[in-house]
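Convert by adding 2 to the 1-based position in the sequence shown; the result is the number in the numbering used here.
Beta carbons are placed, not taken as given, at the ideal position from N, Cα and C, and that holds for glycine.
So the structure is just underneath, and the comments pick up after that.
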Amino acid sequence: MDFDFNQTPDRRAIPGEKWGRYAGRDVLPLWVADMDFAAPPSVLEALAARIAHGVFGYTHPWPALVEAVVHSLARDHGWAIDPGWLVWLPGVVSAFNLACRAVGAEGDEVFTATPIYPPFLAAPGNNGRRLAQAPLIRADGRWQWDRAATRAAIGPRTRLFMLCNPHNPAGRVFDQDELLWIAALAEERDLVICSDEIHCGLVLDPDKAHRPIASLAPEIARRTITLLAPSKTWNIPALYCAIAIIPDAVLRARFRHAARGIVPEINVLGLVAAEAAYRDGEPWRRALIAHLRGNRDRVVEAVAAMPGLSMSAPEATYLAWIDCRAAGLEDPAAFFEAAGVGLSDGRAFGLPGFVRLNFGCARTTLDEALTRMASGIRDQEKQPGAKRPYID
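What follows is the structure, encoded as structure tokens:
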């Protein structure tokens, strides 16, 4: 079956966060992390069949759904899991907060590395914990761990290491050496790892493969909470269905206890969509990856031609993390919005001077956005006294 990702529904026609932000304005929204594509036909057909039944009573995950998840992890990532390890949730953001509650005590520390998806930065404070952090570094064209700074940031009261792999916003797929280093550090400092792997189905480079950190060894799995969802890969984020995989029974019980009376059950349509995505969505996903890879290459080429802008090519996701610090822009997100392109502000990710661009869209939309960005940079270059200070 052929899938055309250059024919997208008109999202202005219905209420929605992404396009609604700029309603009535000539601004192309390439900010929040949802794509402009219709969900896979297999998902739409499964939803239509369930809706046609007409009854939406309380429903728990059923055996065929669990089997689809277990099979997909073995097929795609070589990870054999026990179905009893699964904890179903409405989203990974609630899971970040539950992990903070389930690990350690009030006043303890939670470590993460910046830049990072903003809810990572908020979750510790939401739950009576303190945030410890260290920066990733950009070296040899890739975002990497500053191992010395990371070790120094983890203190005697640090209890939780919050990992994002594949990484949002940097787009890294951390390799086995990096993951083993994190696992060894967690063992040495007696840390639990909460690993957000929601973008695991969106690896763009054929020579890269996502490896769940918990799959490396049983002793690593015992101290890991792995978070997954079909939402990013199959573009169904507002159906709110996610999974925590927690092999250790004690840690799993603490996590479940933290959720009691707070986290609701999953929407039945989210469960239906998840089963269809994991079981039947692979042909659509492969076609999507080809489209996103082409879009990624367009962004890399265009950004390289814009004075003062630079980026590392993302190995996964549909997100480009663009360094604007040498362009002399006081507020890069506001600058590009004025040029007609809505991007995410790097300040929310812990790194001012950057913007995040979502290239999960039709190529006509992307090309127009890149043209507008380039035009804005050119116009700024022509301003009297314009300069591009480099900020390291």
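> Over what stretch of residues does the beta strand (DSSP E) that includes ASN1 continue unbroken?
Replying inline: The chain is shown only over 3 to 394; residue 1 falls outside these bounds and no answer can be derived.
> Under 7 angstroms, do PHE351 and PRO117 count as touching if we go by C-beta distance?
Replying inline: Yes.
>> Rounding to the nearest angstrom, what Cα-Cα distance links LYS210 and THR319 in this structure?
In response: 13 angstroms
> Hey, is ASP142's beta-carbon within less than 7 angstroms of any beta-carbon in chain D?
Replying inline: Chain labels in this structure do not include chain D; a single protein chain is all it has.
> By DSSP, does ARG159 sit in helix, in strand, or in coil?
Replying inline: coil
> Along the chain, where does the alpha helix (DSSP H) that runs through ARG132 open and close?
Replying inline: Premise fails: ARG132 lies in the beta strand (DSSP E), 132-137, not in any alpha helix (DSSP H).
> On the three-pair Cβ rule with 8 angstroms, is the segment 200-217 touching the segment 313-331?
Replying inline: yes
>> Measuring CB atoms only, is the segment 132-139 touching the segment 105-123, in the sense that at least three cross pairs come out at less than 8 angstroms?
In response: yes
> Looking only at its own chain, which residues have a Cβ that is under 7 angstroms from the Cβ of ARG14, when we skip the five neighbours before and after it?
Replying inline: TRP21
>> List, from N- to C-terminal side, the beta strand (DSSP E) runs of 3 residues or more that fit wholly inside the segment 67-126.
In response: The segment 67-126 contains these whole beta strand (DSSP E) runs: 88-91, 111-116.
> Taking just the CA atoms, how far does ARG52 sit from PHE338?
Replying inline: 43 angstroms
> Is TYR392 helix, strand or coil when you go by DSSP?
Replying inline: Bear in mind that a pLDDT of 42 at TYR392, under 50, signals an unreliable position, so the model cannot answer this.
>> To test your reading of the DSSP string, which unbroken beta strand (DSSP E) runs of 3 or more residues are found completely within the segment 210-266?
In response: The segment 210-266 contains these whole beta strand (DSSP E) runs: 226-230, 244-247.
> Looking at the unbroken beta strand (DSSP E) that takes in ILE184, where does it start and where does it end?
Replying inline: Counting along the chain, ILE184 falls outside any beta strand (DSSP E), though it belongs to the alpha helix (DSSP H) covering 178-191.
> By how many angstroms is the C-alpha of ILE222 removed from the C-alpha of ARG295?
Replying inline: 32 angstroms
>> Could you tell me the alpha carbon to alpha carbon distance between LEU253 and ALA124, rounded to whole angstroms?
In response: 22 angstroms
> Hey, ALA304 and LEU372: beta-carbon distance below 7 angstroms or not?
Replying inline: Against a cut-off of 7 angstroms, the Cβ pair of LEU372 and ALA304 comes out as a contact.
> Among the residues of its own chain, which have a CB less than 7 angstroms from the CB of GLY344, if the five just before and after it don't count?
Replying inline: ARG23, TYR24, VAL29, LEU30, PRO31, LEU32, TRP33
> Between the C-alpha atoms of ASP6 and PRO65, what's the straight-line distance to the nearest angstrom?
Replying inline: Going by the C-alpha atoms only, they are around 33 angstroms apart.
>> Taking 6 angstroms as the limit between beta carbons, can you name the residues of its chain near PRO42, skipping five residues before and five after?
In response: Sequence-distant partners of PRO42 (beyond 5 residues in either direction) whose C-beta falls short of 6 angstroms from its own C-beta, in its chain, are TRP236, GLY283, TRP286.
>> So, with DSSP's three-state summary, where would you put SER314?
In response: coil
> Apart from the five residues just before and just after SER312, which ones in its own chain have a Cβ nearer than 6 angstroms to its Cβ?
Replying inline: ASP325
> Is the segment 156-167 touching the segment 65-85 in the sense that three or more CB pairs, one from each, lie closer than 8 angstroms?
Replying inline: no
> Helix, strand or coil for GLU323 per DSSP?
Replying inline: For clarity, residue 323 is Trp in the given sequence; the question names Glu instead. Strand at TRP323.
> Taking DSSP as the reference, what is the three-state secondary structure of MET164?
Replying inline: strand
> Under the three-state reduction of DSSP, which class applies to ASP369: helix, strand or coil?
Replying inline: helix
>> Cutting at 8 angstroms between CB atoms, please list the residues of its own chain near ILE291, excluding the five before and the five after it.
In response: LEU204, VAL205, LEU206
> Going by C-alpha distance, which of TYR242, GLY263, ARG262 is nearest ALA276?
Replying inline: TYR242
>> Just to confirm my understanding: we take PHE98, look at its own chain, exclude 5 residues before and 5 after, and list those with CB closer than 6 angstroms. What are they?
In response: PRO121, ALA125
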